[in-house]
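See structure below.
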Amino acid sequence: MNKLRKLFRGSGRALAFIFAASVVWLLFDMAALRLSFGEINTRVLKEEMVRRERLRGWREKSLDGARPGEELRAPPGALPRGLEEEKGRGGGAVGKTAQVTTGKIHEGLRPAGATLKVIPVGRAELGKADGTRSAHQDQSRQTNRTHFTERAKLHKVLTIDRTLAPRDPKALGQYGRPAVVPGEKEEEAKRRWKEGNFNVFLSDLIPLDRAIEDTRPAGCRDLLVHNNLPTTSIIICFVDEVWSTLLRSVHSVLNRSPPQFIKEVILVDDFSTKAYLKDKLDQYMAQFPKVRILHLKERHGLIRARLAGAEIAKGDVLTFLDSHVECNIGWLEPLLDRIRLNRKKVACPVIEVISDKDMSYMTVDSFQRGVFTWPMNFGWKPIPPDVILKNGIKDTDIIRCPVMAGGLFSIDKKYFFELGTYDPGLDVWGGENMEISFKVWMCGGEIEITPCSRVGHIFRNDNPYSFPKDRLTTVERNLARVAEVWLDEYKDLFYGHGYHLIQKNLDIGDLTQQRELRKRLQCKNFKWYLENVYPDLEAPLVKASGLIINIALAKCVTVNTSSLAFETCDVNNKNQKFNYTWLRLIQHGDSCVAVTDAEGTLGLHPCDKRNNSLKWLHKSLVAFHPELMDHIVLEHLPRATCLEVDRSQKALRAGVCSSSNLYQKWQFGNYYAA
Numbered sequence: 001m002n003k004l005r006k007l008f009r010g011s012g013r014a015l016a017f018i019f020a021a022s023v024v025w026l027l028f029d030m031a032a033l034r035l036s037f038g039e040i041n042t043r044v045l046k047e048e049m050v051r052r053e054r055l056r057g058w059r060e061k062s063l064d065g066a067r068p069g070e071e072l073r074a075p076p077g078a079l080p081r082g083l084e085e086e087k088g089r090g091g092g093a094v095g096k097t098a099q100v101t102t103g104k105i106h107e108g109l110r111p112a113g114a115t116l117k118v119i120p121v122g123r124a125e126l127g128k129a130d131g132t133r134s135a136h137q138d139q140s141r142q143t144n145r146t147h148f149t150e151r152a153k154l155h156k157v158l159t160i161d162r163t164l165a166p167r168d169p170k171a172l173g174q175y176g177r178p179a180v181v182p183g184e185k186e187e188e189a190k191r192r193w194k195e196g197n198f199n200v201f202l203s204d205l206i207p208l209d210r211a212i213e214d215t216r217p218a219g220c221r222d223l224l225v226h227n228n229l230p231t232t233s234i235i236i237c238f239v240d241e242v243w244s245t246l247l248r249s250v251h252s253v254l255n256r257s258p259p260q261f262i263k264e265v266i267l268v269d270d271f272s273t274k275a276y277l278k279d280k281l282d283q284y285m286a287q288f289p290k291v292r293i294l295h296l297k298e299r300h301g302l303i304r305a306r307l308a309g310a311e312i313a314k315g316d317v318l319t320f321l322d323s324h325v326e327c328n329i330g331w332l333e334p335l336l337d338r339i340r341l342n343r344k345k346v347a348c349p350v351i352e353v354i355s356d357k358d359m360s361y362m363t364v365d366s367f368q369r370g371v372f373t374w375p376m377n378f379g380w381k382p383i384p385p386d387v388i389l390k391n392g393i394k395d396t397d398i399i400r401c402p403v404m405a406g407g408l409f410s411i412d413k414k415y416f417f418e419l420g421t422y423d424p425g426l427d428v429w430g431g432e433n434m435e436i437s438f439k440v441w442m443c444g445g446e447i448e449i450t451p452c453s454r455v456g457h458i459f460r461n462d463n464p465y466s467f468p469k470d471r472l473t474t475v476e477r478n479l480a481r482v483a484e485v486w487l488d489e490y491k492d493l494f495y496g497h498g499y500h501l502i503q504k505n506l507d508i509g510d511l512t513q514q515r516e517l518r519k520r521l522q523c524k525n526f527k528w529y530l531e532n533v534y535p536d537l538e539a540p541l542v543k544a545s546g547l548i549i550n551i552a553l554a555k556c557v558t559v560n561t562s563s564l565a566f567e568t569c570d571v572n573n574k575n576q577k578f579n580y581t582w583l584r585l586i587q588h589g590d591s592c593v594a595v596t597d598a599e600g601t602l603g604l605h606p607c608d609k610r611n612n613s614l615k616w617l618h619k620s621l622v623a624f625h626p627e628l629m630d631h632i633v634l635e636h637l638p639r640a641t642c643l644e645v646d647r648s649q650k651a652l653r654a655g656v657c658s659s660s661n662l663y664q665k666w667q668f669g670n671y672y673a674a
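Using the UniProt record's numbering, you'd call the opening residue of the sequence shown number 1 and step up by one each time.
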């Protein structure tokens, strides 16, 4: 028993030793295993961090944007730090930030000659504050589009209105209110009117930093734009501009624009004769480091003065303004944002009205677009209410614009030069807005009116520019040059509506470079422009066509070789088909109806648009000779001579017109215009 007890005692020690050793070994093993797992986790974590950093960098570099058409919204109340209040370093009118006030805008007097529809502010604010973007969704153009990804890169349009000094709320014209000339100063005001063709006397009394009503539609307050907008050079050309309006234009740019987006303000002095626009202007503008003044050594005219400013501009975008404007709150960023979205967009503000009589600031309807009527007369055309309702158009939506007014717009600088800028053959002023509009649309770009950008403009009845010949001749020459380059076969409508132009034999200069430019840019034809950009313009290529039917005989004019006869009407007979053109030719193929001898015999003659002996009046004498409206009357003869049927000879001839002679009355098969 004692031996057995000793055996167990010895075995217990051994077992205890083995157990203790096992526990120690297990602890070491667990520690080693934990260390191994830690190393693995550390390595995996490092690899994951590297992978994420690479992925984030790739996203920021390659996907700096959102999907085309996606509406971007920032989180509620999110505004990047540093954008709440800019400190105005590097120039610009800075200082105390004026509180943006809201008050009633007085409509005042409508400027003579202004065709914009002026409405009360209440009617302008038709939409809800929904921050909508364009109603016409942008098509995906990857080569022209810049994308954004992160919502943090967006901010609401900044409501900036800085002034050099606190505003006097009781000052004349403050808040865009109409100003009144004191009774004892009326004669002086009338005398000074001719200095600028508006009320210069009142303008000089109104503060340069006056407040104006924020006339944007309500939804514009929530409009989101990208933080990294392109910079712009503001180009303002002037000649003998009134001191107060020029300075007020510059102040409004600097007061109401985010300084980080303004590269410079370039004032182009087109050889002004006023002494105050020389050294005095230089000294005044020296307080604004971003303002540059270019004094031209000879008169260039508005078109070439703008090109001189564009040549020295350093900004990514060129923004052209007139020298008698007032930029409203939030005017700049919406323009730049559209160009950032697509560099081939040309962005225009809504042009509001500053009264030339009482200097009041008046808002205009957002639902308008720039158009033209023949012979290329610019005007504003309201969008019909039923179209607005049917398409759900909001007052903040972008509006496609067939033709821009031309005085106020933003365009990518590189794109402007790719387009060949303005036609350098255009003189002084007039027609440049038509030329650049056709060029943009037909060569791959777009023109838009941005309702959330609004700029007031003094509309004047006269232009201060002097013209080398006379104003009318210069403008007509410019328009004829535009027509010859861009209108293709539709140029006959231009000459037909401005009929005297074809007779003037205007020297419009060499068009070779402009036609080669159009070919190099691979621009579309004018028919495409009419069908896709301005389909509501009436533009029939001829005034009338088809059969020429004699009312007395119910028979039709027929071509027999080179002579004319009349036969039974047949719509399928090609020899009975004629065109009555805008230039008043009765055309059959390349030949035109003409008097061939002194007896009045009619035949065919090669068409010549400048040959008056080939021209006939039809349906266009209603104002002077309504009794001859159904006649076809030779244009060039002093005595009214009409196309008639010679019953004895069974032929056609030209005879003395008689309003009661049914054999002189004719009807075309189809009429397209009077």
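Each residue gets a CB set at the ideal place from its N, CA and C atoms; glycine is no exception.
Between the stretch 248 to 256 and the stretch 208 to 225, do three or more beta carbon pairs fall short of 8 Å?
yes
Helix, strand or coil at Trp243 according to DSSP, with G and I counted as helix
helix
Ignoring anything shorter than 3 residues or poking outside the stretch 211 to 296, list the beta strand (DSSP E) runs there in chain order.
224 to 226, 232 to 238, 262 to 269, 291 to 295
Extent of the continuous alpha helix (DSSP H) to which Leu205 belongs
200 to 205
Met404, DSSP secondary structure in three states
coil
Would you decide whether Ser660 is buried or exposed? Buried here means 16 or more other CB atoms lie within 10 Å of its CB.
exposed
May I ask you to list the residues that DSSP assigns as paired with Glu567?
Cys556
With the cut-off set at 9 Å, would you say Val455 and Asn575 are in Cβ contact?
no
Would you call the CB atoms of Trp666 and Ile551 closer than 9 Å?
yes
Taking Tyr309 as the reference, which of Val364, Ile236, Pro289 has the closest Cα?
Note on residue identity: the sequence assigns Gly, not Tyr, to residue 309. Nearest option by C-alpha distance: Ile236.
Name the one or two DSSP bridge partners that Phe372 has.
Phe378
Along the chain, where does the beta strand (DSSP E) containing Asp386 start, and where does it finish?
Not the beta strand (DSSP E): Asp386 falls in the alpha helix (DSSP H), residues 385 to 391.
Please report how far the alpha carbon of Lys414 lies from the alpha carbon of Gly301, in whole angstroms.
23 Å
Mapping DSSP to helix, strand and coil, what is Ile449?
strand
Have a look at the DSSP bridge pairing and note the partners of Glu187.
Paired residues: none, contrary to the question.
Distance between Val428 and Ala544 (C-alpha atoms, nearest Å)
37 Å
Please classify Asp337: does DSSP put it in a helix, a strand, or coil?
helix
Specify the secondary structure class of Phe409 as computed by DSSP and reduced to three states.
strand
Looking only at its own chain, which residues have a Cβ that is under 7 Å from the Cβ of Gly603, when we skip the five neighbours before and after it?
Ser562, Ser563, Leu564, Ala594, Thr596
Give me, in chain order, the residues of the same chain whose beta-carbon lies closer than 7 Å to that of Glu635; leave out the 5 immediate sequence neighbours on both sides.
Arg584, Asn612, Lys615, Trp616, Leu617
If I follow the unbroken alpha helix (DSSP H) through Lys439, where does it start and stop?
432 to 442
Which residues in the same chain have their Cβ closer than 8 Å to the Cβ of Gly173, if we skip the five residues on either side of it in sequence?
Ala179, Leu202, Leu205, Ile206, Pro207, Arg210, Met359, Ser360
Measuring alpha carbon to alpha carbon, tell me which of Asp356, Asn579, Ala673, Gly330 ends up nearest Glu213.
Gly330
Hey, Pro349 and Thr450 are a contact pair by Cβ (cut 8 Å); roughly how many whole angstroms apart?
6 Å
With 16 as the cutoff for other CB atoms within 10 Å, does Gly445 come out buried or exposed?
buried
Just to check my reading of the structure: Phe261 and Leu336 have Cβ atoms closer than 8 Å, yes? What is that Cβ distance to the nearest angstrom?
6 Å
With 16 other CB atoms within 10 Å as the buried threshold, where does Asp397 fall?
buried
Of the listed residues Ile502, Leu521, Ser453, Lys504, nearest to Phe438 (C-alpha basis):
Leu521
May I have the straight-line CA-CA distance separating Ser591 from Pro384, to the nearest angstrom?
43 Å
Closer than 8 Å by C-beta to residue 680: which residues in its own chain qualify, once you throw out the five before and the five after it? Chain order, please.
Any question about residue 680 goes unanswered here, given that the chain covers just 1 to 674.
Using three-state DSSP, classify Asn525 as helix, strand or coil.
coil
Would you check if the distance between the CB atom of residue 756 and the CB atom of Glu432 is smaller than 9 Å?
Residue 756 lies beyond the residue range present for the chain, which begins at 1 and ends at 674; the question has no answer from this structure.
Which residue comes first and which comes last in the alpha helix (DSSP H) that contains Gln514?
512 to 520
Given Cys523, which residues of its chain have a CB within under 6 Å of its CB, disregarding the five upstream and five downstream residues?
Met442, Cys443
Is it buried or exposed, Asp470, if we count other Cβ atoms within 10 angstroms and call 16 or more buried?
exposed
Assign Val656 to one of two classes, buried (16 or more other C-beta atoms within 10 Å of its C-beta) or exposed (fewer than that).
exposed
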